Amino acid sequence: MKEFVPAGADLELRGIRKEFPGFTAIENLDLHIPAGEFFALLGPSGCGKTTTLRIIAGLEEPTSGQVLIGGKDVTFTKPHERPVNTVFQSYALFPHMSIIENVAFGLRRQKIADPLAKAMDALNLVELGHIAQRRPQQLSGGQQQRVALARALVNRPSLLLLDEPLGALDLKLRRQMQIELKAIQMEVGLTFLHVTHDQEEAMDMADTVAVMNRGRIEQMGAPEALYERPKTSFVAKFLGQSNIFVGEIADSNSETLSISVAGSRISVPKARAEKQAGKIAIGVRPEKAQFHREAPADASDRNILGPGVIKDIRFTGVSNQYLIEIPNVGDVTVFAQNVGISPVIELGEKVWVSFKVEHAFGLADLPVGDED
Amino acid sequence: MAIAGFNTSAAPKQSSTPLKTGKFVWVLLLPGLLYLGMFFMVPLVSLLITSVETPDASGAIGMYQYGFDLSSYQHVVIDYLPQIGRSFGYAFLATVFALLISYPLAYFVGVKLRTRPLIQKLTLTLVVAPFFISFLLRTIAWKQIFADDSVTMGFIRNLFHLDQTFHFLGTPGAVVWGLVYNFIPFMTLPLYTSLERLDLRLLEAAGDLYASPASVFTKVTLPLTMPGVISGTLLTFIPITGDYVNASRDFLGSSDTSMIGNMVQADFLQNSDYPSASAMSAVLMGVILLIVTIYVRRTGTEDLL
Amino acid sequence: MRNLRLGRFVLPVYTVIALVYLLVPIAYTIAFSFNDSKGRTNTLWQGFTLDKWLNVCVRGDICDAVGSSLLISGVSTLVATVLGTAMAIALVRYSFKARSLVSLSLFLPMATPEVVMGAGLAGLFFNLGTGYGYLTVILAHIMFCLSFVVVTVKARVQTLDPVLEEAGADLYASPREVFWRITFPLLLPGIVSGALLSFALSFDDFIITYFNSGGAVTTFPMYIYIAASKGVPAEANVIASAVFLLAILIVVGTQIGSNLRQKRIMAIK
């Protein structure tokens, strides 16, 4: 008989490695998610995040390493014996049962009393109690997604795994579900592990985000920290957009490092630089940069590049995205919030670009193509 | 393959879930495999052994001794040559006719009726309906329809100004007619399965690229449905070679139309000449294995079932 | 080349003609089950009567033969369905060596002529000294039905998304519970199809049965074959027609049933 766990448990992965015939899905994974946290595992397709999820759920065994839930080693425990539930990407609702029977399924298997009453409560939580007798095929995508969530939640698992559950929903519904999911998680106090390739979703919902690439976690932390200070070029380019400049370190003092790019000096605070010797890459987010019609005055707290030429302007409603080509530097992207009605500048005009030194970040590696 | 035609349900689902491994699979497979080994493979081996037995020293009918005597094969290949020729000849003719008749039928039901799934299923049921009446009785039905003194024959004789002695029963034509009729479902179902899965957008694309309807058929439809054609051909040709009901005197044939099957039955059940019956079966089986091997070599075993 | 308007009708007309051709012997057989034939011959029409339908078992031997057929087909179907379903699941869901060997072993019985299988099995039983009877016929039937069950169930297993079984395990169902509560209910239509196919093949089988009955068993097809030279009585037509109508009812019934269910589901949506 299983006991209901009152709140979430923490999850720990130690040295997980997963090999398949022909390729390695997970190289070496260490992860610790504290109890009660909403954690997002973010990465492109094929980075190993779904495999990680399946290992935690017990649907795959790692080649080496350990999985601990609430301090207990469950590496080789079968999925039906783990206090973990999954919301599958395709929902995986049983077509031959009504949705209330779907939701009650896990409770019945654990021989928990009053399964139907508890299932009904869960369905009411996701506002589907009034159609409890329908079959999954009779529901819309959004409704099915909510049933899948209720079916997992009703078991009060120590850890709830969500495998890109919002992928099939349209934008508006997805936003709504994101808010609901977060609210439910905070109300019930469970530990959520959300796997997704949608960075906005991850940053919006999670307390902690881990960016995964090719079987490894590249960086992990609060969404703002990751966004404002990416540490690798993959994170810088996968999470939002970045302008990246590469050069040998030309100058350094107690507070900043500088590189020289096409005659201009680009500085980054030492506290925000991962690598402090040799050839380094310095980046800045496009929304932190500005363009100027005339050469701005030199200032110690700003990096100035130019002159360059406006090559492309894209209108995305909320902002305008400018692509500026600066000789010997390359293309620089600048986002400007759309505060006026008429265009601020035209194609082909000559501009300078500047951004604050404190907004720059120094990466630990060089972008692909710029290595030594 | 063929019988999957009965299941007009969705095409197989792709899933990211890997195949299960481990030893348990043998618990599922071994009972069936052992059964087939015992009751299919062993009998075939037993046939080979019997085919080389020698008549018992005592001369008693039906008693044989183990030995290695190939005289049965000699006898069978030489004396039964007409039957062998007829079996493969009738089978070839019947298969060709079955293909010509079934393809347009399968095309209509599998392609044109896709917009009306209920009618499609009902029509398919009608095509397969002969299957549900004992095949002996449906062969007898043709026998009575084409009996020398039947209304049908009278009508045909008048229509074509034929002699009163013209008869259909007992001729190779009647035998082939019966074979074609009885085996049409075996040809139609694999064709239907192939045609039902045909992506019509490919035909549209071909038309868009200036192909005439005839070209679309020969260059797109036919090549893409070739697996169904081959599958249907095998499932029709092979069983026909061993059939003997249609050719027997009591049904549509006469003593001049006997096939391999008639000889095996006569030798085995009436003459107790087990070595000859076994040798004949072995020869037939050998030819069939040859055909199947060629087929498997070219297409692999993946699509067999 | 312009498409003639008439060209559109070629295929449908052809189909109708082909269907008529296919159904002629069936219509003939059913029609003659109502023939008021005297004695054993049923070749000339002598008047309409329901007599044969109402008194079909007056000739005891026919109903005995049907009884034997039902027994043999029932048992064979049961065994073949269990063995075949297991193999179908194995083939689709598991990875194992010797897959080609298994596929080939299942394919060959479907491709082997019945005379060869019949003679081979008869020879085997002869060499084993078991004698012929119900057991040998049933054993023979299971053998040739097995492959057909596998093919039918396999097609159904392939439509079943394995993620449903993973969801079951994720929701605390043990492997046994996953099978009986999720896999089996969803496979059931395919299993039933396979069983029906197996039953039909077994009931209608003649050649293999004839070789392995040794005179101790007479099935319905054997009865007809033996009677063919002397004259097949109308009662045989009655039985065959009844079986046919039952089969058509089952097949058409399930089609319409699932169609109605689909409509009901869509209506609520």
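Protein chains in written order, with the numbering used here: chain V, 5 to 376; chain Y, 650 to 954; chain A, 1198 to 1466. The beta-carbon is built from N, C-alpha and C at its ideal position, and this holds for glycine as well. Predicted model only: the values in this text are computed from it and were never measured.
Find the residues of chain C that neighbour Glu-1363/A, judging by a C-beta separation of less than 8 Å, and give them in chain order. In the structure shown, chain C does not exist; the protein chains are V, Y and A.
Leu-132/V, buried or exposed, once every other Cβ within 10 Å from all chains shown has been counted against 16: Indexing the first sequence from 1 puts residue 132/V at position 128. Leu-132/V comes out buried.
Residues near Ala-1215/A by beta carbon distance below 6 Å, same chain, minus five either side: Stepping through the third sequence from its first residue, residue 1215/A is reached at position 18. Around Ala-1215/A: no qualifying Cβ.
Would you grab the beta carbon distance between Ala-121/V and Leu-127/V for me? Rounded to a whole angstrom, and I think it's under 8 Å. Stepping through the first sequence from its first residue, residue 121/V is reached at position 117. Stepping through the first sequence from its first residue, residue 127/V is reached at position 123. The C-beta distance from Ala-121/V to Leu-127/V rounds to 11 Å, too long to fall under 8 Å, and the pair is not in contact.
When the Cβ atoms of the segment 877-895 of chain Y are set against those of the segment 932-945 of chain Y, are three or more pairs found closer than 8 Å? yes
Is it right to say Arg-240/V is buried, meaning 16 or more other beta carbons lie within 10 angstroms of its own, or is it exposed? Indexing the first sequence from 1 puts residue 240/V at position 236. The residue you asked about is not Arg; residue 240/V is Ala in the sequence shown. Looking at its Cβ environment, which holds 16 or more other Cβ atoms inside 10 Å, Ala-240/V is buried.
Taking only beta-carbon atoms, is Gly-1244/A less than 8 Å away from chain Y? For this step, residue 1244/A is matched to residue 47 along the third sequence. With 8 Å as the cut-off, Gly-1244/A does not count as an interface residue toward chain Y.
Determine the closest residue to Arg-218/V out of Thr-195/V, Gln-280/V, Leu-33/V, with distance taken between C-alpha atoms. Within the first sequence, the letter at position 214 stands for residue 218/V. Ranking Thr-195/V, Gln-280/V, Leu-33/V by Cα distance to Arg-218/V puts Leu-33/V first.
Residues in the segment 159-170 of chain V having any Cβ partner in chain A nearer than 9 Å: Cβ contacts with chain A: Asn-159, Leu-165.
Could you compute how far the alpha carbon of Val-322/V sits from the alpha carbon of Trp-1377/A? The count along the first sequence starts at 1 and reaches residue 322/V at position 318. The count along the third sequence starts at 1 and reaches residue 1377/A at position 180. Distance between the alpha carbons of Val-322/V and Trp-1377/A is about 55 Å.
Given Gly-310/V as reference, the closest of Lys-283/V, Lys-354/V, Ile-284/V, Thr-79/V once Cα atoms are compared: Translated into positions along the first sequence, residue 310/V becomes position 306. With distances taken between Cα atoms, Gly-310/V lies closest to Lys-354/V.
Exposure label - Asn-332/V; buried when at least 16 CB within 10 Å: Numbered from 1 along the first sequence, position 328 holds the residue referred to as residue 332/V. Answer is exposed; the Cβ neighbour count stays below 16.
Are Leu-143/V and Leu-166/V touching if we call contact CB-CB under 8 Å? For the purposes of this step, residue 143/V is taken as residue 139 along the first sequence, with counting starting at 1. For the purposes of this step, residue 166/V is taken as residue 162 along the first sequence, with counting starting at 1. When the beta-carbon positions are compared, Leu-143/V and Leu-166/V stay at least 8 Å from each other.
Separation of Gly-1281/A from Phe-1396/A, as counted between CA atoms: Taking the third sequence and counting its residues from 1, the one referred to as residue 1396/A is at position 199. Taking the third sequence and counting its residues from 1, the one referred to as residue 1281/A is at position 84. Rounded to whole angstroms, Phe-1396/A to Gly-1281/A spans 13 Å at the Cα level.
Measuring straight from C-alpha to C-alpha, what distance separates Gly-352/V and Ile-314/V? By 1-based counting over the first sequence, the position of residue 352/V is 348. By 1-based counting over the first sequence, the position of residue 314/V is 310. Spanning the two alpha carbons is a distance of roughly 5 Å.
Ranges of the alpha helix (DSSP H) found wholly within the segment 744-799 of chain Y, counting only runs of at least 4: Runs of the alpha helix (DSSP H) inside the segment 744-799 of chain Y: 766-777, 784-794.
Against chain A, with Cβ distances strictly below 8 Å, would Ala-154/V count as a contact? Numbered from 1 along the first sequence, position 150 holds the residue referred to as residue 154/V. Not closer than 8 Å to any Cβ of chain A, the Cβ of Ala-154/V fails to qualify, so no.
Cys-51/V versus Phe-365/V, Pro-290/V, Glu-362/V, Glu-222/V, residue with shortest Cα-Cα distance: Position 47 of the first sequence, counted from the start, is the residue given in the question as residue 51/V. Per the Cα distances, Glu-222/V.
Three-state secondary structure (DSSP) of Ser-68/V: Mapped onto the first sequence, residue 68/V falls at position 64. Of the three classes helix, strand and coil, the one that applies to Ser-68/V here is strand, per DSSP.
When you compare only the Cα positions, how much space is there between Glu-23/V and Arg-155/V? Here residue 23/V refers to the residue found at position 19 of the first sequence. Here residue 155/V refers to the residue found at position 151 of the first sequence. Between Glu-23/V and Arg-155/V, the C-alpha separation is close to 31 Å.
Just verifying my parser: in three-state terms, what is the DSSP assignment at Ser-1455/A? Position 258 of the third sequence, counted from the start, is the residue given in the question as residue 1455/A. Three-state result, Ser-1455/A: helix.
Between which residues of its own chain and Arg-1256/A is the CB-CB distance below 6 Å, once the five residues before and five after are set aside? Within the third sequence, the letter at position 59 stands for residue 1256/A. Around Arg-1256/A: Glu-1432.
List the residues of chain A that Val-941/Y touches, going by C-beta distances under 7 Å, in chain order. Translated into the one-based positions of the second sequence, residue 941/Y becomes position 292. Listed along the chain, the chain A residues whose CB falls inside 7 Å of the CB of Val-941/Y are Ala-1308.
Are there three or more Cβ pairs, one per stretch, closer than 8 Å when the segment 80-89 of chain V is compared with the segment 241-256 of chain V? no
To the nearest angstrom, report how far apart Leu-873/Y and Leu-883/Y are at their CA atoms. As a working note, residue 873/Y is residue 224 in the second sequence. As a working note, residue 883/Y is residue 234 in the second sequence. Rounded to the nearest angstrom, the two C-alpha atoms are 17 Å apart.
By Cβ distance below 7 Å, which residues in the same chain neighbour Gly-1330/A in space, the five residues on each side in sequence not counted? Start at 1 with the first residue of the third sequence, and residue 1330/A comes out as number 133. Here the set comprises Gly-1411, Ala-1413, Val-1414.
From Leu-1336/A, Tyr-1218/A, Val-1217/A, Gly-1387/A, residue whose alpha carbon lies closest to that of Val-1272/A: Here the question's residue 1272/A lines up with position 75 in the third sequence. Val-1272/A has its Cα closest to that of Leu-1336/A, out of Leu-1336/A, Tyr-1218/A, Val-1217/A, Gly-1387/A.
Counting pairs of Cβ atoms below 8 Å between the segment 819-835 of chain Y and the segment 850-861 of chain Y, do you hit three or more? no
In the DSSP assignment, the beta strand (DSSP E) including Arg-150/V goes from what residue to what residue? As a working mapping, residue 150/V is identified with position 146 in the first sequence. It is not in any beta strand (DSSP E) - Arg-150/V instead sits in the alpha helix (DSSP H) that spans 145-157.
Among residues of its own chain, excluding the 5 on either side of Val-213/V, which ones have a beta-carbon nearer than 6 Å to its beta-carbon? Within the first sequence, numbered from 1, the residue matching residue 213/V stands at position 209. Answer for Val-213/V: Ala-44, Leu-46, Ala-206, Pro-227, Leu-230, listed in chain order.
Have a look at Leu-775/Y, Ile-698/Y, Pro-667/Y and flag the residue whose alpha-carbon is nearest the alpha-carbon of Val-1213/A. For the purposes of this step, residue 1213/A is taken as residue 16 along the third sequence, with counting starting at 1. Considering only alpha carbons, the answer is Leu-775/Y.
Three or more C-beta pairs closer than 8 Å, one from the segment 1391-1410 of chain A and one from the segment 724-738 of chain Y: is that the case here? no
Is the CB-CB distance between Gln-147/V and Ile-1462/A below 8 Å? For this step, residue 147/V is matched to residue 143 along the first sequence. For this step, residue 1462/A is matched to residue 265 along the third sequence. Cβ atoms of Gln-147/V and Ile-1462/A: not closer than 8 Å.
For Asp-1166/A, which three-state DSSP category applies? One cannot answer for residue 1166/A here, as it falls past the ends of chain A, which runs 1198 to 1466.
Span of the beta strand (DSSP E) around Tyr-326/V: Locating residue 326/V in the first sequence gives position 322, where the first residue counts as 1. For Tyr-326/V, the uninterrupted beta strand (DSSP E) run begins and ends at 323-330, by DSSP.
Please list the terminal residues of the continuous beta strand (DSSP E) segment that includes Pro-273/V. Sequence index remark: in the first sequence, residue 273/V carries index 269 (1-based). Pro-273/V -> beta strand (DSSP E) spans 268-273.
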